[in-house]
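Reminder that position 60 of the sequence shown reads as 60 in UniProt numbering, one-by-one numbering, no gaps.
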Amino acid sequence: MSMIAAFYGGKSILITGATGFLGKVLMEKLFRTSPDLKVIYILVRPKAGQTLQQRVFQILNSKPYMAKFESIIIK
């Protein structure tokens, strides 16, 4: 088990700025390395012409995700 996985195991985390570059990279790293992470809350602002769900799925369909984490989203 990596140090990251051990630290975040069983914890909840809030990420602000999840649609920005660092937020995307942080989420991908946590998804990939911390399978025991309890929950990730993301703060996403609405954008003209897009719902919050559309913005989140837009993130997950971009690199580095390529939709491989889409199945773990709870709406």
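For each residue, glycine too, the CB sits at the ideal point set by N, CA and C. Small disclaimer: the values here were computed from a predicted structure and weren't measured.
Where residue i sits in the DSSP three-state scheme
| i | result |
| --- | --- |
| T33 | helix |
| V56 | helix |
| V25 | helix |
Exposed unless 16 or more other CB atoms sit within 10 angstroms - verdict on residue i
| i | result |
| --- | --- |
| Y8 | buried |
| L52 | exposed |
| V24 | Per the sequence presented here, residue 24 reads as Lys, with Val not at that position. Label assigned to K24: buried. |
| A48 | exposed |
CB of residue i within 8 angstroms of CB of residue j, strictly
| i | j | result |
| --- | --- | --- |
| A43 | L14 | At residue 43 the sequence reads Leu, which differs from the Ala that was named. The answer is yes: Cβ separation under 8 angstroms. |
Bounding residues of the beta strand (DSSP E) (the contiguous stretch that carries residue i)
| i | result |
| --- | --- |
| T19 | First-last for T19: undefined, no H or E at that position. |
Spatially closest choice to residue i from the options, by CA coordinates
| i | options | result |
| --- | --- | --- |
| S34 | S62, L60, Q58, K11 | K11 |
| N61 | E28, M3, I4 | E28 |
| V56 | I4, A6, M3, A18 | A18 |
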